[in-house]
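There are 2 protein chains.
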Amino acid sequence: MARINGNFRKLAAGYLFPEVARRAASFQKEQPNVKLHKLGIGNTTEPLPPSIIEALHAKVDALSHAATYSGYGDEQGSTALREALSGYYRSINVQIQSDEFFISDGAKADAANLQQLFTEDCTVAIQNPAYPVYVDSNVVAGRTGSYNDLIGGYRNLVYLDGREEDGFFPKPPKEKVDLIYLCSPNNPTGAVATFDQLRSFVDYARAHKAVIIYDAAYAEYISDPNLPKTIYQIPGADECAIEINSFSKFAGFTGVRLGWTIVPHRLLAEDSQPDELHKFWFRRQCTFFNGASNIAQAGGLAVLSEGGLAECRAVIAYYMENARIIREGLKRSGLTVFGGDNAPYLWVKTPKRMRSWDFFDLLLRQCHVITTPGSGFGSCGEGYIRISAFGHREAIAEAVASIEHTLAKALEVLHE
Amino acid sequence: MARINGNFRKLAAGYLFPEVARRAASFQKEQPNVKLHKLGIGNTTEPLPPSIIEALHAKVDALSHAATYSGYGDEQGSTALREALSGYYRSINVQIQSDEFFISDGAKADAANLQQLFTEDCTVAIQNPAYPVYVDSNVVAGRTGSYNDLIGGYRNLVYLDGREEDGFFPKPPKEKVDLIYLCSPNNPTGAVATFDQLRSFVDYARAHKAVIIYDAAYAEYISDPNLPKTIYQIPGADECAIEINSFSKFAGFTGVRLGWTIVPHRLLAEDSQPDELHKFWFRRQCTFFNGASNIAQAGGLAVLSEGGLAECRAVIAYYMENARIIREGLKRSGLTVFGGDNAPYLWVKTPKRMRSWDFFDLLLRQCHVITTPGSGFGSCGEGYIRISAFGHREAIAEAVASIEHTLAKALEVLHE
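Protein chains in written order, with the numbering used here: chain A, 105 to 520; chain B, 105 to 520.
Structure below.
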C-alpha cells in the first residue's frame with residue numbers, strides 16, 4: 105500500500121504568481137477596456153542576440169547529418185562548455201577547475217535539488233524575503249514543520265531577516281544552522297551583498313562547518329566593481345559554499361533552459377571525506393539527470409564567446425536602462441525605491457504603511473500596473489512590492505507614466 | 105554543521121558503463137591497430153529527420169525576434185504539446201486528458217524523481233535485471249539497506265526475477281510491496297510484457313493499493329499489434345500506474361532532451377485524497393523543475409505531426425533492421441538470442457555457461473566487439489549480454505561479421 109509524502113501537504117497553498125494572475129484577470133474582466141501594464145514576473149522579453157542564434161542553428165544543422173549528429177552527452181555537461189565557464193570565472197580572477205562545474209537545465213532545479221546531498225535533520229536558514237524554491241524544496245524533503253500563519257513562515261526554519269538598515273541583506277544567524285541559502289543580487293529585493301557581508305557568512309560557515317548554497321543567477325547585472333560577482337571572491341568560500349548560476353537572465357535563456365552549479369573539490373561538511381560532496385553531486389547528477397539539451401549547451405558556449413558576451417551584456421544594459429527609467433519615475437511619484445542599480449529588480453516601499461497586497465491592488469486598479477507583492481516572498485517583504493525591469497522599453501515607459509499620472513490622486517483618495 | 109546524506113555511500117561503486125569503457129580502452133591500448141566494433145551503449149546514432157529539423161530551426165528563429173520570443177513556459181509543458189500527446193494516445197484508443205501529461209527533459213529524471221511522491225518507508229519492487237536508475241534513486245532516498253555482494257543486490261529491495269521461461273518478464277511479487285518499477289519493452293532484455301502479464305500487475309497493484317511506475321520509453325519499437333504499447337491499455341491501470349515515456353529513442357532526442365510522464369487524476373495510494381497524487385506531482389514539478397527547453401518542445405510537437413511520426417518511424421525501422429541483422433548473424437554463430445523483435449535490445453545467452461563479464465571479455469578480445477554484460481543490470485542478468493541495435497548499418501554489419509568469423513574459433517580455444 106503506497107503511502108504519499110505528506111510533506112507536500114505542508115506547502116502553503118497559495119503560490120504567489122497564480123494569485124497575482126488571478127487578481128489581474130479578475131480586474132480585467134470587470135474593466136475589459138483597460139490596458140494593463142506588466143511590471144511583475146521576472147521573465148526575459150528581448151530576443152536572443154545574433155551570435156547565440158547562429159550557434160543554435162548550427163547545432164540543429166549538426167543534428168541533421170549522420171557525421172555530426174550526437175546523442176547522450178556527459179551528465180555534467182560538455183567539456184567545452186565547462187572549460188569556457190572556467191575561463192569566464194578566470195576573467196574575474198577566480199580559479200575554478202572545469203570539473204567543478206556541473207551544467208544543468210537551469211538554476212531552479214539545482215536550487216531545489218542540492219538539499220538532497222544532506223541529511224534530513226539539517227537545520228536550514230533562509231533569507232527573508234526569498235525566492236520560494238529554497239523553502240519549498242526543504243518542506244518537501246521534510247526539514248520543516250508546518251506553516252505558521254502567525255509568524256508567516258514554517259516552523260523549524262531559521263529566517264534571516266533582511267532589514268532596510270542593512271541594505272536588505274541579512275546578518276549571519278546567531279544560532280547554529282547547517283545549510284544557508286543566500287541569493288545575491290537578490291530576488292526579490294535587488295540587494296547585492298558587499299564583500300564584508302559575504303565574508304561574514306563565509307566566516308560563519310567555516311566556523312560551524314555549515315554549507316552555503318549561493319544563488320548568483322543575477323551576477324551579470326552587477327556593474328559596481330566593488331561588489332562581488334561570485335562567492336568565490338571571498339577566500340575560503342571553496343571550503344563552505346556551492347554556487348548556482350544560470351544563463352536565464354544572463355542571456356535570455358529562460359525558455360531555452362541552461363544553468364550551472366559549482367561544487368568545489370575542497371567543499372566540506374561535518375562528516376564528509378575530502379572531495380566527497382563533489383563526488384556525491386556528480387553521482388547524483390548521473391542518477392537523477394541526463395545532461396542539459398545539447399542545443400542549449402551550444403548556445404551557452406556562444407554566450408561565453410567574446411562576441412556573445414558583448415551581445416548579451418548589451419541586452420542586460422537595455423534591461424538596466426529600464427530599471428533606471430522605473431526608478432526615476434517612481435521617485436518622481438514620491439515612492440521610496442531600493443535595488444535596481446546592480447539587479448533587474450526594484451524593491452519599492454509601500455506609501456502610507458500600506459500592506460503589500462493593498463498597494464498591489466491600488467496599483468492594479470488605479471494605475472493599471474501589475475507588480476508583485478513583497479509579502480509573497482516572506483514576512484520581511486511585507487510593506488514592499490517588487491518591480492521587475494524585464495520588458496520592452498515602450499511598455500516599461502507606459503507603465504511608469506501610468507503610475508506617475510495616477511498614483512498621487514489614488515493615494516489622495518485613499519487618504520480621505 | 106552540515107551532515108551529508110550517507111545513502112550515497114551505499115551506491116555500488118562500479119557503474120556498469122564506465123567499467124565497460126575502461127576494459128575497452130585497456131584492450132585498445134594493448135592492441136592499438138585493432139578496430140573495435142560497438143554494440144554496447146543504447147545511444148541513438150541516426151540524424152534527426154527533416155520535419156523535426158525544420159521545426160527546431162523555426163523555433164530558434166522565433167527566439168531571434170521580439171514579437172515571437174518567449175521565455176519561461178509552463179512547468180508542465182506547452183498546452184499544444186500536451187494536447188498532441190493526448191491525441192497520440194487516442195490513436196491507440198487510450199483516453200488521457202492533456203492535463204495528465206507532464207512534459208520533462210527526459211524519462212531518466214522522472215524515473216528517478218517519482219519516488220519523491222511517496223514516504224521513505226515504502227517497500228520497493230524492481231525487475232531483475234533492470235535499468236540501474238530505478239534502484240539507485242531509491243538507494244539515495246533511503247529506501248534500501250546496504251549492497252549485499254552475496255545476493256548481488258540491496259537489502260530491503262524486492263527483486264522480481266525475469267526468467268527465460270516467462271519470457272524474461274517477472275510475475276507479481278508474492279509479498280506485499282508498495283512501489284513497483286516495470287519497464288516494457290525492457291532495457292536490458294528486450295522483453296515486452298503481454299496483455300496478460302501487465303494485467304496481473306495491475307490486478308496486484310489495485311488489490312494492494314500499490315503504485316506501478318511504468319517505463320515505456322521504447323514503446324514505439326513495438327510492431328506486434330498483440331502487445332500493449334501503454335499500461336493504460338489495461339482497464340483500471342489509471343488507478344494504480346504512472347507511465348514514463350520519452351522522445352529519446354522514439355525520435356533520436358537523446359541529446360535534445362524531452363520526455364513525458366502521465367500521472368492520472370484517478371491515481372490512488374493508500375492514504376491519498378482523490379486527485380492528490382496528480383496535484384502533488386504538479387506541485388513537485390513547479391518547485392523542482394522549470395519546464396523542458398522550448399526548442400526541444402517545438403521539436404517534440406513536430407515528432408507528433410503526421411509527417412514527423414512517419415519520419416521517426418522510418419528511423420525506428422532502420423534500427424529494427426539492424427536488430428534483425430544482429431539476430432540472424434548471432435544465430436548463425438550458434439548463439440541463443442532473445443528480444444530484438446519489438447525492442448532495440450537483444451539479450452544473448454552466453455555460450456558454455458560463461459559468466460557475463462567473461463563472455464564480454466571474449467567478444468572484446470577475440471571478436472573485437474564491445475557489448476554490455478547482463479550481470480551489470482542485476483543478478484538475473486548473469487549469463488547474458490545485452491546487445492544494442494543502435495548504430496550505423498555498416499558498423500553493425502561489420503560487428504556481426506566479426507563475430508561470425510571469429511567466435512567459433514575463440515570458443516574452441518576456450519574449450520581446450
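Beta carbons are placed, not taken as given, at the ideal position from N, Cα and C, and that holds for glycine.
In chain order, 446 place their CB closer than 7 Å to the CB of residue 327 of chain A, counting only its own chain and leaving out the 5 sequence neighbours on each side. At a cut-off of 8 Å between C-beta atoms, residue 313 of chain A counts as an interface residue with respect to chain B. Secondary structure in the region 249-311 of chain A: the beta strand (DSSP E) runs of 3 residues or longer, each lying completely within the stretch, are 261-265 and 283-287 in chain order. Buried is the label assigned to residue 507 of chain A, since at least 16 other Cβ atoms lie within 10 Å of its Cβ. Burial is judged here by how many other beta carbons sit within 10 angstroms of a residue's own beta carbon; residue 269 of chain A has fewer than 16 and is exposed. If only complete runs of 4 or more residues are kept, the region 409-485 of chain B shows the alpha helix (DSSP H) at 410-436 and 460-466, in order along the chain. CA-to-CA, the gap between residue 306 of chain B and residue 348 of chain B works out to about 16 Å.
The three-state reading of DSSP puts residue 358 of chain A in coil, since its state is none of H, G, I, E or B.
Sequence-distant partners of residue 120 of chain A (beyond 5 residues in either direction) whose C-beta falls short of 6 Å from its own C-beta, in its chain, are 480. For the 8 Å CB-CB criterion, residue 313 of chain A and residue 323 of chain A do not form a contact.
A straight-line Cα-Cα distance of about 12 Å links residue 170 of chain B and residue 356 of chain A. Taking a C-beta distance under 8 Å as the contact criterion, residue 222 of chain B and residue 389 of chain B do not qualify as a contact pair.
With respect to residue 505 of chain B, residue 426 of chain B sits apart: the two C-beta atoms are not nearer than 8 Å. Not a single C-beta of chain A is nearer than 8 Å to the C-beta of residue 204 of chain B. Excluding the 5 residues flanking it on each side, residue 272 of chain B has same chain C-beta neighbours closer than 6 Å at 266, 293 and 295, in chain order.
Note on the region 188-240 of chain A: whole beta strand (DSSP E) runs with a minimum of 3 residues are 205-208 and 228-232, in chain order. Listed by position along chain A, the residues whose Cβ is nearer than 7 Å to that of residue 176 of chain B are 147, 358 and 359.
Residues of the region 392-417 of chain A with a C-beta less than 8 Å from any C-beta of chain B: 392, 393, 394, 395, 396, 397, 398, 399 and 400, listed in chain order. Distance from the CA atom of residue 451 of chain B to the CA atom of residue 441 of chain B, rounded to whole angstroms, is 6 Å. In this structure, the beta-carbon distance from residue 234 of chain A to residue 285 of chain A falls below 8 Å.
Legend: CB atoms of the region 466-497 of chain B lying less than 9 Å from CB atoms of chain A belong to residues 494 and 496. Exclusion of the five residues before and after residue 411 of chain B leaves 155 as the residues of its chain whose Cβ lies within less than 7 Å of its Cβ. When 8 Å is used as the limit between beta carbons, residue 220 of chain A is near these residues of chain B: 109 and 244, in chain order. By the neighbour-count criterion, in which a residue is buried when 16 or more other Cβ atoms sit within 10 angstroms of its Cβ, residue 300 of chain B is exposed.
Within the region 335-348 of chain B, no residue has its Cβ closer than 7 Å to any Cβ of chain A. The Cβ-Cβ distance between residue 471 of chain A and residue 514 of chain A falls below 8 Å. Per DSSP, residue 497 of chain B has no beta bridge partner at all. Any Cβ of chain A closer than 8 Å to the Cβ of residue 278 of chain B would place that residue at the interface, and such an atom is absent. In terms of CA proximity to residue 495 of chain B, B:428 leads the group B:467, B:428 and B:457. Burial is judged here by how many other beta carbons sit within 10 angstroms of a residue's own beta carbon; residue 436 of chain B has fewer than 16 and is exposed. The C-alpha of residue 259 of chain A is placed about 6 Å away from the C-alpha of residue 250 of chain A.
Proximity of chain B to residue 319 of chain A at the Cβ level (cut-off 9 Å) is not reached, the minimal Cβ distance being about 14 Å.
In terms of beta-carbon proximity, residue 212 of chain A lines the interface with chain B, with at least one pair separated by less than 8 Å.
When Cβ pairs closer than 8 Å are counted between the two stretches, the region 395-406 of chain A is seen not to touch the region 374-385 of chain A, the count staying below three. Within the region 310-372 of chain B, the complete beta strand (DSSP E) segments at least 3 residues long are 315-319, 345-350 and 363-366, listed from N- to C-terminus. Distance check between residue 354 of chain A and each of A:403, A:367 and A:341 places A:403 closest, using alpha-carbon atoms only.
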